[in-house]
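I have placed the structure first, in the form of structure tokens, so that the comments after it can refer back to it.
What follows is the structure in structure tokens.
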């Protein structure tokens, strides 16, 4: 019997160049179309000519970068130096945090060749070298360095042996010293070790007193200390202690150097200025890896009781920072080629925050499920999964609402046994109870959540919604106003506005209800149920054309919504007579607005 000869695999020794854009996910998040257009132009005008001139070929685009192959390490490094110089020239006039900068890795290796791609450890090492290069920088392996030393007109710093992710053996790495970075400086950075700070790691630097009044120092320092304490309550946060932070008081700080020194990802800095009758607080959140500002906020209001103001300022900043840090961590996780459970958790939280639509909830749920597959006991993934299920069930976006809420209760009860002092666990359990006709028990869980975290604004809002379900809509607005006091720009504000609108409708204040429901959609258009409830309110006011337009907008987000679904789910929330009478009025108005009967 004649045996078939094995198919020959083509291999060759190549110089591999891998490049990506530093901070690409953040740039795309801020402005997708502009970033894509800039990147396309830079690849065409800056990168392609250099690769062609030095005998290279594009292997493939990688979304935020590219892979190229050269017959020579010398030509690969020359091409990299040429296009990095050209990219800097083309972007020098742009604001730093909007500027596109490539990181480049070059390696010599034996690769497996296919018509439109190359594979092997040689390629993987080039990609890992690119990931540790600085924005605008070039890192090369020792195998490439042996070929290029003294031939490319660039000084290289020996960074020593580096443990690269998913590469079995350490690789000796050299970095091109250019643009004012000496070889000695780069070597010192390498000596400090790889920059791998914990997630949600942050230092609150002492706020600057801009008032010119030394007596105001106590207030300024109080804001810094309280904010340090309150940020420590964020689940999973690693916050540098007050005593360490205050050693930097009054000193100029290089945030990149500080990040490495303290091994943290973020710096929060700010200032306080007191006039005769007003107080202004400015804050900025900075990424220590690249030195970019991620977020800035100003708090400006008339002076009242200073200590009450301090509590209010700190609460607002802590709530906003929680959301901003989740977004920042989700963007980091998107860049990870091998995400772990917490990478997936942050991406799930980011999708949860986008809006209450079937698609957003399904994406969030998928991330949390994948996180639990990697780490079945991950409390944050369990909380996220339960939160998605109760929100989907209580948010009227699924017909299997009963099963979803039951699943949420099972998950959150298990989570409570693992983390009995986790404030968000008690909040989610409160939501489960409130949306299953156990409002009094649910409010008690919300109070427990607030005892564990006084800044948990959502607990106040949920108590307000529970009052509406108990037929006490007149009490709803006060609770939600307290939530807004703590978190005036909360990512979930659209849901809070809906609760107030529903309460106003219960009080037969239909015109006021419509005002609040409009605000709900202004806060987040991806909120399908708000479209339908607003349509009902408009129908009661006789505004049928606008009511029907809102029905169509709601169906575009959730085509499966029907009056039958609303009746089935809303009936299970409460048996209070006042609530039930209001529910029937909503059903009549939805029918008038043209919501499908089902």
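Numbering (the working numbering), first residue to last: 497 to 1094.
Built from N, CA and C at the ideal position, the CB exists for glycine as well.
Remember, it's a predicted structure, so these values are computed and weren't measured experimentally.
Suppose the cutoff is 6 Å on Cβ atoms and the five residues either side in sequence are ignored; what does the same chain contact list for residue i look like?
| i | result |
| --- | --- |
| residue 1030 | 1013 and 1046 |
| residue 636 | 602 and 670 |
| residue 627 | none |
| residue 780 | 765, 789 and 792 |
| residue 893 | 854 and 1054 |
| residue 622 | 512, 514, 601 and 603 |
| residue 1015 | 993 |
| residue 794 | 778 |
Exposed or buried, what is residue i when buried is set at 16 or more other beta-carbons lying within 10 Å of its beta-carbon?
| i | result |
| --- | --- |
| residue 550 | buried |
| residue 914 | exposed |
| residue 508 | exposed |
| residue 689 | Residue placement at residue 689 cannot be trusted, given a pLDDT of 49 that sits under 50; the coordinates are not used to answer. |
| residue 540 | exposed |
| residue 513 | buried |
| residue 702 | buried |
| residue 678 | Confidence at residue 678 is low in this model, with a pLDDT of 48, below 50, so its placement is unreliable and the value that follows should be read with caution. Residue 678 is exposed by the Cβ-count criterion. |
| residue 885 | buried |
| residue 1078 | buried |
| residue 687 | Because residue 687 carries a pLDDT of 49, less than 50, the predicted location of this residue cannot be relied on, and the following value inherits that uncertainty. Its Cβ having fewer than 16 others within 10 Å, residue 687 is exposed. |
| residue 1000 | buried |
| residue 905 | buried |
| residue 705 | buried |
| residue 760 | buried |
| residue 845 | buried |
| residue 559 | exposed |
| residue 785 | buried |
| residue 676 | Reliability of the predicted coordinates at residue 676 is poor, the pLDDT of 48 falling under 50, and the value obtained from them is presented with this limitation in mind. Exposed is the call here. |
Strictly by DSSP, which residues pair up with residue i?
| i | result |
| --- | --- |
| residue 762 | 698 and 783 |
| residue 705 | 768 |
| residue 778 | 767 and 794 |
| residue 658 | 667 |
| residue 610 | 613 |
| residue 579 | Residue 579 pairs with nothing; no bridge assigned. |
| residue 1023 | 852 |
| residue 653 | 671 |
| residue 928 | Paired residues: none, contrary to the question. |
| residue 532 | In the DSSP output, where bridge partners are listed per residue, residue 532 has none listed. |
| residue 598 | 517 |
| residue 734 | 697 |
| residue 789 | 782 |
Leaving out five residues before and five after residue i in sequence, what residues of the same chain have Cβ atoms less than 8 Å from its Cβ?
| i | result |
| --- | --- |
| residue 1071 | 933 |
| residue 996 | 960, 972, 973, 976 and 1012 |
| residue 629 | 599, 600, 601, 635 and 671 |
| residue 571 | 511, 550, 551 and 552 |
| residue 1059 | 1083, 1086, 1087, 1091, 1092, 1093 and 1094 |
Quick check on residue i: does DSSP put it in helix, strand or coil?
| i | result |
| --- | --- |
| residue 634 | strand |
| residue 988 | coil |
| residue 603 | strand |
| residue 648 | coil |
| residue 956 | helix |
| residue 514 | strand |
| residue 750 | coil |
| residue 892 | coil |
| residue 554 | strand |
| residue 590 | coil |
| residue 965 | helix |
| residue 980 | helix |
| residue 585 | helix |
| residue 563 | strand |
| residue 918 | coil |
| residue 508 | strand |
| residue 570 | helix |
| residue 1082 | helix |
So, at 7 Å on beta carbons, what are the nonlocal neighbours of residue i in its own chain, with the 5 sequence-adjacent residues on each side left out?
| i | result |
| --- | --- |
| residue 617 | 605 |
| residue 891 | 852 and 1025 |
| residue 962 | 930, 935, 938 and 939 |
| residue 515 | 561, 562, 598, 599, 600 and 626 |
| residue 534 | 596 |
| residue 912 | 921 and 925 |
| residue 1032 | 1082, 1085, 1086 and 1089 |
| residue 758 | 699 and 736 |
| residue 666 | 657, 658 and 659 |
| residue 497 | At residue 497 the pLDDT is 48, less than 50, meaning the model places this residue with poor confidence; the figure from the coordinates comes in the next sentence. So the list is empty, once near-sequence residues are dropped. |
| residue 881 | 861, 864, 865, 868 and 907 |
| residue 542 | 579, 582, 583 and 586 |
Measuring only between beta-carbons, confirm whether residue i sits less than 8 Å from chain C.
| i | result |
| --- | --- |
| residue 836 | The structure shown contains no chain C, having only a single protein chain. |
Legend entry - Complete runs of the alpha helix (DSSP H) confined to the segment 838-886 [at least 4 residues]: 854-870
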